[in-house]
Amino acid sequence: MTKAKIDGEACKGCGLCVGACPKKIISLSKSKINRQGYFPAEITDIEACIGCALCAVMCPDVCIEVE
Ligand code: SF4
Ligand code: SF4
Numbered sequence: 088m089t090k091a092k093i094d095g096e097a098c099k100g101c102g103l104c105v106g107a108c109p110k111k112i113i114s115l116s117k118s119k120i121n122r123q124g125y126f127p128a129e130i131t132d133i134e135a136c137i138g139c140a141l142c143a144v145m146c147p148d149v150c151i152e153v154e
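Residue numbers for the sequence shown follow this note's numbering, so the first one is 88 and each next one is one higher.
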């Protein structure tokens with residue numbers, strides 16, 4: 088099954104992937120802060136991921152991998 092994976096430490100919290108996901112399952116963390124000091128993007132419902140890779144295409148920092 089295809090699944091998206093976000094590298095939370097590389098993420099700059101720009102939110103582009105949040106808007107790109109057609110399933111609306113990506114949001115910026117409200118509690119976690121990464122080592123760079125950003126609230127990283129997280130996948131809230133991985134079971135709903137359809138593997139479209141739009142999030143990975145949108146990410147300017149190449150933090151998202153779709154397997
Ligand atoms: S691969 Fe598609 S459905 Fe899955 S998180 Fe990324 S944009 Fe959303
Ligand atoms: S597009 Fe990339 S850098 Fe921006 S919030 Fe999403 S994972 Fe983080």
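Even for Gly, the Cβ is constructed at its ideal location relative to N, Cα and C.
Sequence-distant Cβ neighbours of L141 in its own chain, meaning closer than 7 angstroms and more than five residues away, are A107, C108, P109.
C-alpha of K92 to C-alpha of I130: approximately 8 angstroms in a straight line. In this structure, L103 and C146 form a Cβ contact; the two beta carbons are roughly 6 angstroms apart against a cut-off of 8 angstroms. Remark: C-beta atoms of E134 and T89 do not approach each other more closely than 8 angstroms. Here the C-alpha atom of K117 lies approximately 10 angstroms from the C-alpha atom of Y125.
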